[in-house]
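*Asks:* Top to bottom, those sequences are chains A and B.
Residues 21 to 174 in my numbering are what the first sequence spells out, letter by letter.
Residues 4 to 751 in my numbering are what the second sequence spells out, letter by letter.
All C-beta atoms, glycine included, are put in the ideal place defined by N, C-alpha and C.
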Amino acid sequence: MELRINQKTYEVDADADTPLLWVIRDDLGMTGTKYGCGLAQCGACTVLVDGNVVRSCVTPVAGVVGREVTTIEAIESDEVGKRVVATWVDLQVAQCGYCQSGQVMAATALLKHTSKPSDAQIQAAMVNLCRCGTYNAIHAAVHDLAGQAVKGDA
Amino acid sequence: MTVRFDAIAHLMAQPLADPINLSRRRFLTGTAVGALVLGFGLPLGSSRVLAATAAAERGTQVPAFLEIRPDNTVRLLSPFIEGGQGTFTAMAQIVGEELDADPATFVVECAPPGDAYFVMENGIRITGGSMSVRMSYPTMRRLGALARAMLLQAGAEALKVPVGELTTEPGKVVHAASGRSIAYGELSERAMDLPVPDPASVTLRDPSQFRWIGKPVKRLDAYDKSTGKALYTIDLKVDGMLHAAVQHAPRLGMTVGNLRNEEQVKAMKGVHSVHRLPGAVAVVAERWWNAKRAVEAIQVDWQEAAADSAVRVMPADFSSDAYFKKLAAEKGPARDDENEGDVAGTLANAKSKIEATYNNQYLHHAQLEPPSALARFNPDGSLEIWLPNQAPEMFQADIAKRTGLDPSRITLHSPLLGGFFGRHFLYGSASPYPQAIELAKAVGRPVKMIWSREEEFLRDVLRPGAAVNFRGALDNDGWPIAIEAVSATEGPTEGLAGKQGDKIDPTALEGLSGKSYAIPNKRIAQIYVKGPVMLGYWRSVGNSLNDFFYESFLDELADKGGKDPFELRLHLLRDNKRLTTLLNAVGELSGGWKRGPFTAEDGSKRARGVAMASPFGTQTAVIAEVSIEQGQVRVHDIWQAIDPGSIVNPAIVEAQVNGAVSLGLSQVLVEEAVYVDGKPRARNYDLYPILPPSKMARVHVRVVESGEKMGGIGEPPLPAVAPAVANAVAALTGQRIRSMPLSRHSFT
């Protein structure tokens, strides 16, 4: 089948129900998208499909045929994604880094849809797990990108 | 504390008793990296390494650590592995400060196994116990200074001037008199061929002149980790590699019997082969997804463990809830770790006394990167392996034992860790590398074994469980005069050894033992109970449970005596200037201690709790503010004052406090590994919740640099979090919860 990933076309030979994650990682060799749980629980595998957040570990590859997939490898080709990465680096968000591809993808999708997300919108969008506990840094980074100060009290 | 750590270090270093020959060849293959794995990395020059290995003193073999490339970037081989805690950046700061090279010009990798890298003051090499920086700080500084001296000498030869006329500026040797300078990158070849100077001959910088140590230097890995470029073991690939997935026995110790549908599975798409392994079946395939799907389809007749099973056997009737009840009822015999004054007499005569029983829960490490290992046998029979690990030499020695290969024929790579929290020590049955090696041997091609999350949670070693019976007595004024804690438990080091040692496992009781409160009569004791669960080290180890017990019970004593818990701690620390300062610092950070309950601006009723801990040579004090939302605890703020003596990177310290708070909240609020009928109830994050972003608290950090001996950073901010929360909950609701997680309870 033919896949559109990061604005390139790939011909892949995989079963229709193979999760997109494993096609990206093993067939196409792009390892920035991570496997964490395989159950859409942690979000380490987050990619964008037509600009929307998708958990690639539970998305059958056949479901994205004819659609545009964006992975972390191409995130800096996107203006918003580039700003997200720059802010992630500036605010030193990452610790072990394993979940951060997914976090960056989730933040990029949010900001592309809603350039000035509210606190509630940020909370609803930034749900990926991080075992290192970078949640406050992620929160600060997304607020920074949204052009808001982090609220002093919640 | 140092004594305690040395004890653990000694135990953990046991496998190193087997001699490891540091041959020149292994040294070289160890530093040369697989082509696909890293984009750079010239093998270090052979004559240099040979010359360097003659030097004996710790951390003086400069060419084994440093390569300065023509573009002036500095490649540093770190004795410690990076898993999020920031040690690669810290090492670059420490070495760069004395080398006179900007840490931003460093590229850091984990060093291969080798005697040269035993830089810690306790004589071992592990990444753990929050030891990396504090145990190697002077040595790594001196390493940088030695390298600088070599560059100066090379500069003197190149410029044909006396070395005394030269100085350095970041990245270059400067001859001020003539206005000439030479970049380190141009001098490196010549410098690294020079003999390493006498370690006593170099002078370290005056700390008042530090440019990078003590500053919030940016992490070296931030960009790669924000763009998916960072490579972990699970991401690696070598030519000709096959993928493997595994199905583990439902209970550890069971063995593989008949495979009822082996032929059908062999015929499944993409399957290369089906294998029987100790306690597991595996499928090797061209793609991991095919391997996983096939291995999960195998119908195995699992056999009960043999009586002489080499691994700890999980019984079919094991229930963790029942086990904690059993621990609480254990009567002894107990062994004393601390016994001062007359506890029994004081308790017998006191008018006011209380008793309470606490227990904790088992926990998973739950690092986001599932374990994997990539093994490749080379045509000459030597083995190359990539695996997550916190102790390269121990893993290499274990692999040598398993394969019969001389360690010199095992090249071990230590890629970045996708979180660890204690997960990647040598735990026998709990790691995929033996399987990867066996499969690579069987199929004659490189194999990468990845454990699915479910297989990981089935074999992960767990944070130990304990039940502690406390007794405490108060004087007529309501101040504590006696405390006794008897813990029925098995420490992680005892768990690994499979028996109790001659001395008490310090990792079993730390956090009950080692408290600084002036209570004249105290007894801390352990009843050793060997359990059926495979145990491991979990971030902050014994402190993670024991400080919850002790600091909660201390609040119970305060309540019994009618004392405010903050005032009680100040009273019991009145002769301890360092801890009094620290406790006052966290009080001030929180805007002044107030216990509550009080009504917050949003109308919610809230209260605060306080707790302290003394883990890994560092002192911490925490205040937590909580409310109740829909029957569950909501933690709004954590204020933490931390005194590690002195620090290297305040930004990383603050990040580590945030991370440790997150894990501390996770264990007190939501997390538990429950066993029913010998099996874990949860094998993924759906039924094993870890702290989600919605439950994270704001974190406020104050670093107090007392100037005392440098302590740890990665783990110490964790242990005081849980008791501070539980104490706040008790203040708010009147409910004293003596177990974790709090999600088992409903609050009003």
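With a threshold of 7 Å, establish whether the CB of residue 654 of chain B neighbours any heavy atom of the ligand FMN.
*Replies:* For the structure depicted, the ligand FMN is absent and the ligand set is empty, with no information on it obtainable.
*Asks:* So the beta strand (DSSP E) residue 109 of chain B belongs to, where does it begin and stop?
*Replies:* Going by DSSP, residue 109 of chain B is part of the beta strand (DSSP E) stretching over 109-113.
*Asks:* Taking residue 557 of chain B as the reference, which of B:296, B:390 and B:730 has the closest Cα?
*Replies:* B:730
*Asks:* Check whether the Cβ of residue 217 of chain B lies closer than 8 Å to any Cβ atom in chain A.
*Replies:* no
*Asks:* Between the beta-carbon of residue 318 of chain B and the beta-carbon of residue 539 of chain B, is there less than 8 Å?
*Replies:* no
*Asks:* Assuming residue 117 of chain A and residue 233 of chain B form a contact by the criterion Cβ under 8 Å, report the distance between their Cβ atoms to the nearest whole angstrom.
*Replies:* 5 Å
*Asks:* Tell me whether the beta-carbon of residue 350 of chain B lies closer than 8 Å to the beta-carbon of residue 528 of chain B.
*Replies:* no
*Asks:* Nearest by alpha-carbon distance to residue 321 of chain B: which of B:253, B:453, B:300 and B:428 is it?
*Replies:* B:253
*Asks:* Per DSSP, which residues does residue 691 of chain B bridge with? Please list them.
*Replies:* Paired residue(s): none; residue 691 of chain B is not in a bridge.
*Asks:* Specify the secondary structure class of residue 360 of chain B as computed by DSSP and reduced to three states.
*Replies:* strand
*Asks:* Out of curiosity, what's the CA-to-CA distance linking residue 715 of chain B and residue 86 of chain B?
*Replies:* In a straight line, the C-alpha of residue 715 of chain B is about 15 Å away from that of residue 86 of chain B.
*Asks:* Run the CB neighbour count on residue 219 of chain B, radius 10 Å, all protein chains shown included, and call it buried at 16 or more, exposed below.
*Replies:* Under this definition residue 219 of chain B is an exposed residue.
*Asks:* What's the call for residue 11 of chain B, buried or exposed, on a 16-neighbour Cβ count within 10 Å?
*Replies:* Low confidence applies to residue 11 of chain B: its pLDDT is 45, below 50, so where it sits in the model is not reliable enough to give any reading.
*Asks:* Got a sec, what are the start and stop residues for the beta strand (DSSP E) residue 317 of chain B sits in?
*Replies:* Where residue 317 of chain B is concerned, there is no enclosing beta strand (DSSP E), given that its DSSP letter is neither H nor E.
*Asks:* With DSSP as the reference, please indicate the residues paired to residue 375 of chain B in a beta bridge.
*Replies:* In the DSSP output, where bridge partners are listed per residue, residue 375 of chain B has B:453.
*Asks:* On a Cα-Cα basis, can you pick out the residue from B:97, B:94, B:88 and B:104 that is closest to residue 75 of chain B?
*Replies:* Looking at the Cα atoms, B:104 is the closest of the given residues.
*Asks:* Among B:728, B:535, B:713 and B:703, which one has its Cα closest to the Cα of residue 630 of chain B?
*Replies:* B:728
*Asks:* Classify residue 225 of chain B as helix, strand or coil using the three-state DSSP reduction.
*Replies:* Three-state DSSP puts residue 225 of chain B in a helix.
*Asks:* Leaving out five residues before and five after residue 552 of chain B in sequence, what residues of the same chain have Cβ atoms less than 6 Å from its Cβ?
*Replies:* 361 and 471
*Asks:* Counting only C-beta atoms, is residue 82 of chain A closer than 8 Å to chain B at any point?
*Replies:* no
*Asks:* Going by Cα to Cα distance, which pick from B:64, B:223 and B:277 is closest to residue 194 of chain B?
*Replies:* B:64
*Asks:* Of all the CB atoms in chain A, is at least one closer than 8 Å to the CB of residue 744 of chain B?
*Replies:* no
*Asks:* What is the residue span of the alpha helix (DSSP H) that residue 569 of chain B lies within?
*Replies:* 568-575
*Asks:* For residue 95 of chain A, go through chain B and note every residue whose CB falls closer than 7 Å to its CB, in chain order.
*Replies:* Those are 230, listed as they occur along chain B.
*Asks:* Which of helix, strand or coil does DSSP assign to residue 698 of chain B?
*Replies:* helix
*Asks:* Would the beta-carbon of residue 698 of chain B fall within 8 Å of that of residue 668 of chain B?
*Replies:* yes
*Asks:* Answer with yes or no whether the minimum CB distance from residue 156 of chain A to chain B is below 8 Å.
*Replies:* yes
*Asks:* Between the Cα of residue 624 of chain B and the Cα atoms of B:388, B:518, B:375 and B:683, which residue gives the shortest distance?
*Replies:* B:518
*Asks:* Closer than 9 Å, Cβ to Cβ, to anything on chain B: give me those residues from the stretch 135-155 of chain A, in chain order.
*Replies:* 143, 146, 147, 148, 149, 150, 151, 152, 153, 154 and 155
*Asks:* Does any residue of chain A have a CB that is nearer than 8 Å to the CB of residue 702 of chain B?
*Replies:* The beta-carbon of residue 702 of chain B is placed less than 8 Å from the nearest beta-carbon of chain A.
*Asks:* Interface residues of chain A around residue 688 of chain B at Cβ under 9 Å?
*Replies:* 56, 57, 59, 61, 62 and 149
*Asks:* Any beta-carbon of chain E closer than 8 Å to the one on residue 117 of chain A?
*Replies:* Absence of chain E from the displayed structure is noted, the protein chains being A and B.
*Asks:* How would you write the range of the beta strand (DSSP E) that residue 254 of chain B sits in, first residue to last?
*Replies:* Residue 254 of chain B -> no beta strand (DSSP E), and no H or E assigned at all.
*Asks:* May I ask you to report which of helix, strand or coil DSSP gives residue 615 of chain B?
*Replies:* strand
*Asks:* When the Cα atoms are used, what is the spatial distance from residue 409 of chain B to residue 116 of chain B?
*Replies:* When rounded, the distance between both Cα atoms is 13 Å.
*Asks:* In angstroms with no decimal places, state the Cα-to-Cα distance between residue 228 of chain B and residue 263 of chain B.
*Replies:* Pairing residue 228 of chain B with residue 263 of chain B, the inter-Cα distance amounts to about 44 Å.
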